[in-house]
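Below you'll find the structure, written out as structure tokens, and then a few comments.
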Amino acid sequence: MLGLTRIKHLLKSKLTRQLVLLGLALLIIQNSLTAAPLVKSPLAPPDTSSPQATLRSFIENVNQSHRILMAAYEEYLEESGPFPSQAIREQAKQAKFFFRRAELCLNLSEIPPSLKGDAEIEGTLLLKEVLDRIEIPPYAKIPDAEVVATNDNFARWTLPHTEIDIVKVDKGSQAGEFLFSPETVARLEEFYEKVKNLPYKPGATEGFYQFYISSPGMLLPLKSLQSLPSWLRAVYWDQTLWQWIGLGICLSISFWIPYTSFRCNWGRVAALEPPQRTWEMLLGPLITIASLTAVGYFIDDWINITGRVLLIVLTTYEIIFWMMVALAIFLLSNALAETIIASPTIDPDGLNASGIRTISRLLGLSIGTTVLIVGIERVGISLVPILAGLGIGGLALALAARGTLENIIAGLTLLLDRPVTVGEYCRFQDREGTILEIGLRSTRILAQNGDILSMPNSKFSELELANKSRRNRILLRQTIGLRYDTTSEQLRFVLAKLRATILAHPKLLEELARVRFVKYGDYSLDLEIYVYADTGKLAEFLAIQEDVLLRIKDIVEEAGTDFAFPSQTTYLSQDTGLDPERSRAAEAQVRAWRSKGKLPFPDFSTKEHEKLRDTLDFPPKGSPNERASN
2 MLGLTRIKHL LKSKLTRQLV LLGLALLIIQ NSLTAAPLVK SPLAPPDTSS PQATLRSFIE
62 NVNQSHRILM AAYEEYLEES GPFPSQAIRE QAKQAKFFFR RAELCLNLSE IPPSLKGDAE
122 IEGTLLLKEV LDRIEIPPYA KIPDAEVVAT NDNFARWTLP HTEIDIVKVD KGSQAGEFLF
182 SPETVARLEE FYEKVKNLPY KPGATEGFYQ FYISSPGMLL PLKSLQSLPS WLRAVYWDQT
242 LWQWIGLGIC LSISFWIPYT SFRCNWGRVA ALEPPQRTWE MLLGPLITIA SLTAVGYFID
302 DWINITGRVL LIVLTTYEII FWMMVALAIF LLSNALAETI IASPTIDPDG LNASGIRTIS
362 RLLGLSIGTT VLIVGIERVG ISLVPILAGL GIGGLALALA ARGTLENIIA GLTLLLDRPV
422 TVGEYCRFQD REGTILEIGL RSTRILAQNG DILSMPNSKF SELELANKSR RNRILLRQTI
482 GLRYDTTSEQ LRFVLAKLRA TILAHPKLLE ELARVRFVKY GDYSLDLEIY VYADTGKLAE
542 FLAIQEDVLL RIKDIVEEAG TDFAFPSQTT YLSQDTGLDP ERSRAAEAQV RAWRSKGKLP
602 FPDFSTKEHE KLRDTLDFPP KGSPNERASN
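Take 2 as the starting number for the sequence shown in this note's numbering and just add one per residue.
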């Protein structure tokens, strides 16, 4: 991740690169090669069984590593070749071994994982710089393994006249070892600032820390570095001037690349259609992640920025890095959702598409947030105060976000219960429209008048919704008012004919159908028609209703009566009244039914039912629909 972790092993991954790839060749003087090793086995850890053993192990291992490096450095400057030999590389591994053993004497359990590698190297060098300048009691006066064994409660020793503690570890993989405490490690830079002007003691690793912080990684070989002007090699705030210049260039590049990427890419993809648009939106975060990784590695391992400057840079890079990772996860989930929706089997405007989008966004948001929290913890930013603040201010946050949360929950309810889906026609309150989209916050509706309504989900879900797209029948209900001068026989004729029409019509359902004389109105004799049309489509229903209404008019005219209407009429000519011939014919028909015992009241006989059923033509003869049907 990011390449921001310091080289775990000083001589192999840090100083070896400085000496090998940067022009540092290590030569080992003969007495170093033949001297007896500090340990009996290369696999044996440093002795940390007591404060005395820990302090001795730390000092002797750093001293041995320093002797190898400095002797090799002097020999290398006399060579002509730009790269070290294989023998020098092998000796570098031996030097790394001693420095690593010194690192193991520090308790770094409270160092963020992303910064632990840097803390190992710089902490070891800073502690050695401090110890080389202050008085240390003879080893015989420091508690040894015998003191520890005879005193079960012995767990801490403080270097006299200092705040440097060696403390027994009580848990973890290093439990039982005496290590320089985390508090001591955290304050090493402070201790160094207080003693850096004191003279070195005899036998000190003089200049080891300065050699480390002023040497590049792979930026320049050391011989080339020597050819730089002295003013570029001057040290300011623990960094050389050329390192400050390199840091400024790297920071500019690391922020210019993402800025350009987001500005150019997001402006271009706005005109694209999903899923291509959603996939290309990933480029911005991915390019930012790549640039932070590359530039962070260059700053840490090539330019070799150290100390608090490195801490600030790495922390900033890590936070931005994890933010981009979280954003990339969210965009990836959205891109995958749009790719699935692009399948021919899924309607992009349907409910399944809305559900896939909603679930993928929630999933991406949850995973991205989790990754961001874990990443921030790796940087060393404690989330305990944040969580405590959320607990204390949780009520206020919930109240402030109540509307949003209600809309999200209501949106999920609409997606799960499916009272309406995208593309369906429904009635809500006193309005009707087609559902265009059900989102996390709101629902968009195309109203009858063409307006696009956006209604919060919390409000929309509470309305009484009438889904008209899922009905398989539509009620046709009409009240017919006949004139008061209509005779009883004419009225019976009209009722009978209307009932026969319902039975005969192929698109009207007999179930629950009725035609009844229901009321003497203020100005009419009211007949009610109550029947279901065998369709769920509004356009087809309107065609059926039109056909039935036209047939009703024909029946009323055939009966010799007329529709009543609330109006006042001033007659300027003699009123001809009702058609006497049609009236006599209708009355004769009713008398004939009565004489033959076929009067259709209160209902038709079973035989008449079967005889009349589906005998009318619909669509009417001569219409385009009738010809297409034939």
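Yeah, the Cβ is synthetic: ideal placement off N, Cα and C, and Gly gets one too.
Would you give the residue range spanned by the beta strand (DSSP E) that residue i belongs to?
| i | result |
| --- | --- |
| Phe518 | Leu509 to Tyr521 |
| Pro457 | Ile453 to Pro457 |
| Phe181 | Phe179 to Phe181 |
| Gly285 | Counting along the chain, Gly285 falls outside any beta strand (DSSP E), though it belongs to the alpha helix (DSSP H) covering Leu284 to Tyr298. |
| Gly124 | Premise fails: Gly124 lies in the alpha helix (DSSP H), Lys117 to Leu132, not in any beta strand (DSSP E). |
| Arg157 | Arg157 to Thr159 |
| Val495 | Segment Ser489 to Ala505 is the alpha helix (DSSP H) holding Val495; no beta strand (DSSP E) there. |
| Ile137 | It is not in any beta strand (DSSP E) - Ile137 carries neither H nor E in the DSSP assignment. |
| Arg432 | Arg432 to Ile439 |
| Ser443 | Ser443 to Ala448 |
Between the beta-carbon of residue i and the beta-carbon of residue j, is there less than 8 Å?
| i | j | result |
| --- | --- | --- |
| Ser58 | Phe100 | no |
| Phe179 | Lys172 | no |
| Ile481 | Ile553 | yes |
| Trp323 | Gly376 | yes |
| Ser292 | Ser344 | no |
| Gly285 | Phe263 | yes |
| Arg474 | Gly537 | yes |
| Pro420 | Ser443 | no |
| Leu273 | Asp119 | no |
| Ser525 | Leu579 | no |
| Ala54 | Ala141 | no |
| Leu107 | Phe181 | yes |
| Leu287 | Ala329 | yes |
| Leu332 | Ser361 | no |
| Lys117 | Leu105 | no |
| Pro47 | Arg102 | yes |
| Thr346 | Pro276 | no |
| Gly434 | Leu447 | yes |
| Val495 | Ala514 | no |
| Ile545 | Leu499 | no |
| Asn335 | Gly356 | no |
| His506 | Val549 | yes |
| Leu132 | Ile60 | yes |
Can you check which of these residues, the options, is closest to residue i by C-alpha distance?
| i | options | result |
| --- | --- | --- |
| Ala327 | Thr317, Val372, Ile313 and Thr346 | Val372 |
| Asp563 | Ile246, His506, Ile300 and Gln491 | Gln491 |
| Pro603 | Pro620, Val516 and Gly537 | Val516 |
| Val314 | Leu510, Ser115 and Asn450 | Ser115 |
| Glu438 | Phe429, Arg432, Ile453 and Gln449 | Ile453 |
| Cys497 | Ile530, Asn473 and Phe429 | One point to set straight first is that residue 497 is Ala, not Cys, in the sequence displayed. Ala497 has its Cα closest to that of Ile530, out of Ile530, Asn473 and Phe429. |
| Pro52 | Ile69, Asn450 and Ala156 | Ala156 |
| Phe634 | Leu499, Gly124 and Thr346 | Nothing about residue 634 can be reported from this structure: the residues present for the chain run from 2 to 631 only. |
| Gly561 | Lys608, Leu56 and Arg493 | Arg493 |
| Glu547 | Tyr201, Ala534 and Glu558 | Ala534 |
| Leu189 | Val236, Gln244, Leu126 and Leu248 | Leu126 |
| Arg471 | Thr616, His162, Thr422 and Thr414 | Thr422 |
| Arg614 | Phe461, Thr502 and Ala96 | Thr502 |
| Glu407 | Leu364, Ser459, Ser455 and Gly522 | Ser459 |
| Leu466 | Leu600, Glu511 and Arg432 | Arg432 |
| Glu319 | Ile342, Ser334, Asn335 and Thr289 | Thr289 |
| Ala96 | Asn62, His610 and Phe429 | Asn62 |
| Gln244 | Asp301, Glu512, Gln590 and Pro259 | Asp301 |
Please report the residue range of the alpha helix (DSSP H) in which residue i lies.
| i | result |
| --- | --- |
| Trp594 | Pro581 to Ser596 |
| Asp555 | Leu539 to Glu559 |
| Gln479 | Here Gln479 belongs to no alpha helix (DSSP H); instead the beta strand (DSSP E) covers Ile475 to Leu483. |
| Glu147 | Ala146 to Thr151 |
| Thr607 | Thr607 to Leu613 |
| Thr191 | Note on identity: in this sequence residue 191 is Glu, with Thr being the wrong assignment. Residues Leu189 to Val196. |
Would you please state the rounded distance, in angstroms, between the beta carbons of residue i and residue j? I believe it to be under 8 Å.
| i | j | result |
| --- | --- | --- |
| Lys129 | Thr185 | Going by Cβ atoms, the distance from Lys129 to Thr185 rounds to 13 Å, so no, they are not a contact pair. |
| Val149 | Ser50 | 7 Å |
| Arg134 | Leu199 | 4 Å |
| Pro144 | Trp158 | 5 Å |
| Lys508 | Phe619 | 6 Å |
| Phe299 | Cys251 | 6 Å |
| Thr307 | Ile246 | Thr307 to Ile246, Cβ: 16 Å. No contact. |
| Gly412 | Gly440 | 6 Å |
| Thr316 | Val380 | 5 Å |
Do residue i and the ligand HEM come close, with the Cβ less than 7 Å from some heavy atom?
| i | result |
| --- | --- |
| Glu123 | This structure simply doesn't include the ligand HEM, nor any ligand for that matter. |
(Q) Restricting to runs no shorter than 3 residues, where is the beta strand (DSSP E) found entirely within the stretch 316-364? (A) Runs of the beta strand (DSSP E) inside the stretch 316-364: none found.
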